[in-house]
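In my numbering, the protein residues as written are 24 to 150.
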């Protein structure tokens, strides 16, 4: 599957979770629901992946953790905030660069319609 195909499937899963649970829960709850449903869908998914920083050829553990990684190619950052800010997208972009991934999703579940809480981060740009 391509990054876009995985992304479409993950977005469908997020929409179903949002319909069932609604906004207002903590990020950890949405993380657990997403992990469970992505696995149930048959996609490979891993959670809380440590992402080291390479600085001057030294691997540094800086405490970076990717929320979810689907099919070893789609990074998923889960939020439950009033408004997505530029820093949330910058954070995701930094993880994309550190892990050499092409596509990331920032999904903010704290919205009335989930489509308004989804941002794609691609090679330094957002949609």
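Virtual Cβ for every residue (Gly too), placed ideally from N, Cα, C.
Distance, residue j Cα to residue i Cα
i, j, result
"residue 97", "residue 139", "20 Å"
"residue 65", "residue 27", "16 Å"
"residue 149", "residue 125", "Unreliable positioning characterises residue 149 in this predicted model, as indicated by a pLDDT of 48, which lies under 50. A coordinate reading is not provided."
"residue 32", "residue 113", "24 Å"
Helix, strand or coil at residue i [DSSP, three-state]
i, result
"residue 98", "strand"
"residue 125", "coil"
"residue 136", "coil"
"residue 12", "Only positions 24 to 150 of the chain appear in the structure, and residue 12 is not among them; the question remains open."
"residue 107", "coil"
"residue 146", "coil"
Same chain, Cβ closer than 7 Å to residue i, neighbours up to 5 away in sequence not counted
i, result
"residue 173", "With the chain represented from 24 up to 150, any question about residue 173 goes unanswered, as that position is not in the structure."
"residue 95", "67"
Status (buried if at least 16 other CB within 10 Å, exposed otherwise) for residue i
i, result
"residue 151", "Here the chain covers residues 24 to 150 and nothing more, so residue 151 does not appear."
"residue 24", "exposed"
"residue 35", "exposed"
"residue 81", "exposed"
Residue of the options minimising C-alpha distance to residue i
i, options, result
"residue 115", "104, 56, 130 and 106", "130"
"residue 105", "54, 91, 133 and 29", "133"
"residue 47", "145, 141, 79 and 135", "135"
"residue 111", "128, 68, 123 and 124", "128"
"residue 63", "93, 79 and 50", "93"
"residue 142", "100, 49 and 120", "100"
"residue 50", "91, 87 and 69", "91"
"residue 123", "146, 60, 80 and 109", "146"
Contacts around residue i, its chain only, beta-carbon distance under 6 Å, and the 5 residues preceding and following it disregarded
i, result
"residue 89", "72, 74, 98 and 118"
Close Cβ partners of residue i (< 8 Å) along its chain, the five nearest in sequence each way excluded
i, result
"residue 44", "52, 53, 56 and 132"
"residue 58", "68, 70 and 91"
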